[in-house]
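Trainee: Quick note: the sequence shown uses full-length UniProt numbering, first residue 1, plus one each step.
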Amino acid sequence: MNKQPETDRIIIFDTTLRDGEQCPGATLNVDEKLLIARQLARLGVDVIEAGFAFASPGDFEAVQKIAAEVGTENGPVICSLARAIKADIKAAAEAIKPAAKARIHTFISTSDIHLEYQLKKTRAEVLAIAEEMVAYAKSFMDDVEFSPMDAVRSDPEYLYQVLERAIAAGATTVNIPDTVGYTTPSEFGELIRGIKENVPNIDQAIISVHGHNDLGLAVANFLEAVKNGARQLECTINGIGERAGNASLEELVMALHVRRRYFNPYLGRSPESEVPLTNIDTRQIYKTSRLVSNLTGMLVQPNKAIVGANAFAHESGIHQDGVLKNKLTYEIMDAQSIGLTDNQIVLGKHSGRNAFRTRLKELGFELSETDLNKAFVRFKEVADKKKEITDWDLEALVNDEIQQA
Ligand code: KIV
Ligand code: ZN
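1) For a minimum of 4 consecutive residues, which ranges assigned as the alpha helix (DSSP H) are wholly contained in the region 339-403?
2) So what does N246 bridge to, in DSSP terms?
3) In the DSSP assignment, what residue or residues form a beta bridge with M149?
4) So, helix, strand or coil for P302, using DSSP?
5) Could you give the distance in angstroms between the alpha-carbon of T179 and the alpha-carbon of V219?
6) Going by the C-beta, is P177 closer than 8 Å to any heavy atom of the ligand ZN?
7) I'd like to know whether the C-beta atoms of L106 and M141 end up nearer to each other than 9 Å.
8) Can you say whether K386 is buried or exposed, counting buried as having 16 or more other CB atoms within 10 angstroms of its CB?
9) Answer with buried or exposed for E73, where buried requires no fewer than 16 other C-beta atoms within 10 angstroms of its C-beta.
10) May I ask which residues mark the beginning and end of the alpha helix (DSSP H) holding T288?
11) Would you check if the distance between the CB atom of L363 and the CB atom of D384 is smaller than 9 Å?
12) Straight-line CA distance for R18 to G71?
13) Can you give the Cα-Cα distance for T110 and R231, rounded to whole angstroms?
14) By alpha-carbon positions, which one of A68, K349 and E395 ends up nearest to A99?
15) Do you know how far the Cα of K196 is from the Cα of A247?
16) Alpha helix (DSSP H) containing F60: first to last residue?
17) Could you spell out where the alpha helix (DSSP H) holding D31 opens and where it closes?
18) Cβ of G241 versus every heavy atom of the ligand ZN: is any distance shorter than 8 Å?
19) When you measure from the CB of F312 to every non-hydrogen atom of the ligand KIV, does any distance come out below 8 Å?
20) Cα-Cα, which of G189, G194 and A205 is closest to L217?
21) Looking only at C-alpha atoms, which of Y158, E224, I176 and R42 sits nearest to P185?
22) Do N238 and S154 have their C-beta atoms within less than 9 Å of each other?
23) Rounding to the nearest angstrom, what Cα-Cα distance links E388 and G348 in this structure?
24) Reducing DSSP to helix, strand and coil, say where N175 ends up.
25) Give every residue of the same chain whose Cβ lies closer than 6 Å to the Cβ of L360, excluding the five residues on either side of it in the sequence, and list them in chain order.
26) List the DSSP bridge partners of C235.
27) Using the C-alpha atoms, what's the distance from K304 back to A87?
28) How many Å lie between V398 and L43 at the Cα?
29) Tell me whether the beta-carbon of I12 lies closer than 9 Å to the beta-carbon of V253.
This is the structure:
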C-alpha cells in the first residue's frame, strides 16, 4: 500500500495551461506556454497541468518542453491530462517523461446524464474502465490522479465506489470536479465530508477539488471543501477557463493567506500559526496575472478581486481619508503582498523613462532597451493627447510596438 504522506499545506495545482486555455479565444503557442510555465514555477505552484498531450501535436510539444525545462528537481510536478483511454494515457506519459516529477491525470464521467448521453455506457462499465485505466497509468509512474468528471451531479454512493476502486488501482490523488459549476458551498463541503467518511481507503489519497464558476461560486465552494478535508485546489490565473472560467488561483491563495487564522484549525494547526497555508510566493501574483492576461488576450475586469486595476484603489473621500490615517481602515491586505508597489504612479506627459519602465515591469513587461525606447517615444505621443495614461493604454501601446517589430 503506498500511503500518501499527510500534507501540512494546501497543494496548488495550476491548470491555466490546460483548462484555462479551453477558454474561447485564449489559445497559446508553445513559446507563450513556456513563458507562463516558468512564471508559474516562480509563483511557487506545486503542480502545473501543462496541457492535454493527446489533444494535438502542439499540445504534446508544449507539455514535453515544459516537462524538460520547468520540471526540474526543485520545480513543480508536471502533469498532463488524459481521458481514460490507453492512447491518451500513453501520450501523456511520453510527453511528461522529461520532468523530474511527473503526473498523469486521467478522467472519466460518472454522472448518469454523462453516462447516458455522452459515453453511452453503464455504471458497471465505467467503474471497470476507471479501475483499469488508473492501473494502466500506474504502470508508467507512481503519481496518478483520477477525476470522476461531473462528480457533483453523480450519485454519491456510486461516486464512493468509483473512488475506492480508483485508489485501490493506484490513484494517489482523487479529484472531485464540479464540471458545470452547479454546486453551492455547503453542498460541496458535505460531498467532501461524505467522501472522507464513506470511501474506506481514502486515507491513501489526497482529496483534490476542481470547479467552474458558472454561478460565481467556485472559490467559495473550494474554501468549504478545504474545511472538510480537501488538500489540493485546481485553479487558474485570473480564473480563466471553460465558459465562466475556473476557480481563481489568486483569490483562493489570498483568502487562505489573509484568513489563515480562520483556516489554520482545519489543517490541524493552532489558530495563531504563521506558517503559510500554501507554497505560493504571493508577491509574484500580480506579475503572473498580467503575463497571462497579455498572452491570452483575456482582459481582467477592473473590479476583479486581488488583481483588478481597482482592487487597491480608493476613490471616495471618506475611504481616502481613512487609509491616509491608517491603511487598516479600508484595506485587508497590502498591495505589496501581491507584488504591487504601494504608491500608485500616475503616468502622464511629464513622466520620465524610469517611471515608464517601472510601471511596465509591474505589468509584466520586460522589454529590451531598444523596445523600451521605441515604446517610450510612442508613450510621449499618446501622453500629449490624454490627461492620464492608464494600464490599458500602456498594454495596447507595448503590444502594438512589439507586434510591429
Ligand atoms: O471540469 C472538469 O471536470 C475537468 C476535468 C477534466 C477534471 O476539467
Ligand atoms: Zn474543468
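Yeah, the Cβ is synthetic: ideal placement off N, Cα and C, and Gly gets one too. These numbers come from a predicted model, not from an experiment.
Mentor: Considering the structure as presented:
1) Complete alpha helix (DSSP H) runs here, min 4: 353-362 and 369-383.
2) Per DSSP, H212.
3) Looking at the DSSP output, M149 sits in a beta bridge with S109.
4) In this structure, P302 counts as coil in the three-state DSSP scheme.
5) Their Cα atoms are separated by approximately 14 Å.
6) Inclusion of P177 in the 8 Å shell around the ligand ZN follows from its C-beta lying nearer than that to a non-hydrogen atom of the ligand.
7) Going by the sequence as given, residue 106 is Thr instead of Leu. Contact: no.
8) Burial call: exposed.
9) Classification of E73: exposed, given that the 10 Å Cβ count is below 16.
10) Per DSSP, T288 belongs to the alpha helix (DSSP H) from I285 to T296.
11) Note that the C-beta distance between L363 and D384 is not below 9 Å.
12) For R18 and G71, the distance between alpha carbons rounds to 16 Å.
13) Separation of T110 and R231 (C-alpha to C-alpha, rounded to the nearest whole angstrom) is 22 Å.
14) Comparing Cα-Cα distances from A99 to each of A68, K349 and E395, the minimum goes to A68.
15) Between A247 and K196, the C-alpha separation is close to 22 Å.
16) Membership of F60 in the alpha helix (DSSP H) is indicated by the continuous run P57 to E69.
17) Taken as a continuous stretch (DSSP letters only), the alpha helix (DSSP H) holding D31 covers V30 to L43.
18) True, at least one ligand heavy atom lies under 8 Å from that Cβ.
19) Checking every heavy atom of the ligand KIV against the Cβ of F312, none is found closer than 8 Å.
20) Out of G189, G194 and A205, the CA that lies nearest to the CA of L217 is found in G189.
21) The residue with the shortest Cα to Cα distance from P185 is E224.
22) Cβ distance not < 9 Å, so N238 and S154 don't count as in contact.
23) If you take the alpha carbons of E388 and G348, they lie about 5 Å apart.
24) Here N175 sits in strand by DSSP.
25) Taking C-beta separations shorter than 6 Å and ignoring five residues to either side along the sequence, L360 has no partners in its chain.
26) For C235, which the question treats as bridged, DSSP gives the partners D14.
27) Straight-line Cα distance between these residues: approximately 40 Å.
28) Roughly 24 Å separates the two Cα atoms.
29) In contact: I12 and V253 (Cβ atoms closer than 9 Å).
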